[in-house]
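See structure below.
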Amino acid sequence: MPNLLKSFNPATGDCVWQGAESDEAACAVAVASARAAASAWARRPVDERVAIARAYAGVLDQRREALARLIADETGKLVWEARTEVTAMIGKVDIAIRAQAERAGTSDTAQPFGRAVLRHHPHGVMAVLGPYNFPGHLPNGHIVPALIAGNAVIFKPSELTPGTGAAMIDAWHAAGVPSDVLQVLQGGRDTGAALLGQDIDGLLFTGSASAGRHFRRAFVDRPGVILALELGGNNPLVVWDDVTDPAILANLVVHSAFVTTGQRCSCARRLIVPHGSAGDALVAALVDLAARLPIGAGEDAAFMGPLVSVTAARASRAALRDLIAAGARVLLDRSAIEGRPEAFFGPVVLESTGVAVPDGEIFAPVLQIVRVADFPAAIAAANATAFGLSAGLLATDQALWDRFVSEIRAGVVNWNRPTTGAASAAPFGGLGESGNHRPSAYYAADYCAYPVASFESAELKPLPIMGLD
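Below, the structure is given as structure tokens:
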């Protein structure tokens, strides 16, 4: 008998979804059936695949409230934020259609001998491993362009959010995608390993840097498998402004560090400020605002909810204890919320100036402050990481921004906006431990198909041979 997989609401402990885990045999069957169906799907005109994608957006629109509540229940997100995730999923379809036409379409250029043609072909069978923090939006960003390009897709959601994954695939099937072309496999690490051990053509992954390192090693002898790795970050936010009201700066810091309870890969983890009164004023305003942030669940009018699970909360508290043991000084600690279940984890602000702390990502609302003497030192501190996903500058001086954007090593670099600001109509990805130079969002079309360049002529004509009459 297959194992039973269950998901739970971290705010209440209630079971949200349950179903059978997929074992190695199920993975083998899924890949074989996807392989058999891939050619026919790829041969269908792209307009037909696009029409099905648009129908999928329509199904999501019809089911948006039910899907939003399912996302909220499985992740612990507040319902208002889950609704924004569903809206992003719907909007992704038109964006992916535009990106495919622009970046992976066809072109035909007349030549003296005939024509030069550029086409893009699908890879074949693509495995998509989804995360729990945006269980609809992030895998949707892989699945939509992969299907439009003509690939067959096998999707394994996070074991923490299987219900959302199942609901997504059901919406696609209702829109007309053949069942063998898009399949869902449920389970944890063992299911993922069994899937990736099969004859797949690509892995599209969103998750931790440690998992990304594992996949790089696992596929080193399988160069035919394309890897698109969207990983985490130890993201810096530099504040270098002594003119703006510190309360305004603190507001933008909060939206960078604590939105989605710190469970965005683009959240600011390090706040770099100047020594002196300007830095002191910002830190005081930040601690004051973070201490008042409302924390809730479900329909509550709150800014933050719980972490995705008790296990995640315990791991984050252990990492917090390690930082404090290393010498970080606590300025604010709401990591435990009185009267709330253990999964609730509020904002934490630490002073880490001069402290040797690990270059890692704590996937929770934990922000470390680092003070530096001057702006060149701020850029150096921001770049002092093996990661390179997102970075931000809060400053009104254009010259500072010009220098920052030219010298910072990150794939998403924002000015006077939160580090978490990103758009599906732009690329999204990072350097180093944050990715493998295959950004997603608008650039996902690039890794869902490969270019085929052709010289073509309807006639057979001899070419001149130098030296012969």
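Counting in this note's numbering, the sequence shown runs from 235 upward without gaps.
Note that the Cβ used here is the ideal one computed from N, Cα and C, for glycine as well.
{"Check": "Segment limits, beta strand (DSSP E) that includes Q632", "Outcome": "Run containing Q632: none in the beta strand (DSSP E); it sits in the alpha helix (DSSP H), 632 to 641."}
{"Check": "Same chain, Cβ closer than 6 Å to G466, neighbours up to 5 away in sequence not counted", "Outcome": "S442, A443, C499, E595"}
{"Check": "Cβ-based burial, D475 [other Cβ within 10 Å; buried from 16]", "Outcome": "buried"}
{"Check": "F261 in three-state terms, based on DSSP", "Outcome": "Reading the sequence as shown, one finds Cys at residue 261 and not Phe. Here C261 sits in helix by DSSP."}
{"Check": "Which of helix, strand or coil DSSP assigns to N469", "Outcome": "strand"}
{"Check": "Span of the alpha helix (DSSP H), counted from its first residue to its last, around R297", "Outcome": "No alpha helix (DSSP H) holds R297; DSSP gives it neither H nor E."}
{"Check": "F439 versus V606: straight-line alpha-carbon distance, rounded", "Outcome": "36 Å"}
{"Check": "Pair within 9 Å by beta-carbon distance, L419 and I286", "Outcome": "no"}
{"Check": "At least 3 beta-carbon pairs within less than 8 Å: the stretch 658 to 672 vs the stretch 619 to 628", "Outcome": "yes"}
{"Check": "Own chain partners of S691 with C-beta closer than 6 Å, once the 5 adjacent residues on each side are dropped", "Outcome": "F347, G348"}
{"Check": "Cβ neighbour criterion (16 or more within 10 Å) applied to S586", "Outcome": "buried"}
{"Check": "Extent of the continuous beta strand (DSSP E) run through P356", "Outcome": "348 to 356"}
{"Check": "Beta strand (DSSP E) runs wholly inside the stretch 564 to 599, at least 3 long, in chain order", "Outcome": "582 to 585"}
{"Check": "For P369, the nearest candidate out of R303, V359, N385 (CA to CA)", "Outcome": "R303"}
{"Check": "Nonlocal neighbours in the same chain, by C-beta distance under 6 Å from R283, ignoring five residues either side", "Outcome": "I382"}
{"Check": "Those residues which DSSP pairs with Y676 across a bridge", "Outcome": "According to DSSP, Y676 bridges with nothing at all."}
{"Check": "Neighbourhood of H489 by C-beta distance below 6 Å, restricted to the same chain and skipping five residues each side", "Outcome": "P652"}
{"Check": "CA nearest to the CA of T494, picked from A484, I305, L363, S241", "Outcome": "I305"}
{"Check": "Of the listed residues G513, F492, F638, nearest to D567 (C-alpha basis)", "Outcome": "F492"}
{"Check": "Exposed unless 16 or more other CB atoms sit within 10 angstroms - verdict on P657", "Outcome": "First, the residue type needs correcting, since residue 657 is Ala and not Pro in the sequence shown. Flag for A657 reads exposed."}
{"Check": "Residue range of the unbroken alpha helix (DSSP H) whose run includes W314", "Outcome": "313 to 337"}
{"Check": "Coarse secondary structure for E464, derived from DSSP in three states", "Outcome": "strand"}
{"Check": "Cβ neighbour criterion (16 or more within 10 Å) applied to N243", "Outcome": "buried"}
{"Check": "According to DSSP, residues forming a beta bridge with V646", "Outcome": "S624"}
{"Check": "Runs of alpha helix (DSSP H) wholly within the stretch 345 to 409 (minimum 4 residues, chain order)", "Outcome": "371 to 383, 396 to 409"}
{"Check": "Proximity of T478 and T630 at Cβ, strictly below 9 Å", "Outcome": "yes"}
{"Check": "Per-residue DSSP class, three states only, for I603", "Outcome": "strand"}
{"Check": "Supposed close pair G426, S674 - CB separation, criterion 8 Å", "Outcome": "Incorrect: roughly 19 Å between the Cβ atoms, too far for contact."}
{"Check": "Other residues of its chain near L372: CB distance less than 7 Å, five sequence neighbours each side excluded", "Outcome": "G364, P365, T440"}
{"Check": "The stretch 574 to 589 in contact with the stretch 599 to 615 per 3-pair CB rule at 8 Å", "Outcome": "yes"}
{"Check": "Reference V564; option with closest CA among R555, I571, E572", "Outcome": "R555"}
{"Check": "Same chain, Cβ closer than 8 Å to L461, five either side skipped, listed in chain order", "Outcome": "G436, L437, F439, F449, R450, F453, N670, R672"}
{"Check": "Stretch pair the stretch 265 to 283 + the stretch 394 to 403: three plus CB contacts closer than 8 Å", "Outcome": "no"}
{"Check": "Exposed unless 16 or more other CB atoms sit within 10 angstroms - verdict on M360", "Outcome": "buried"}
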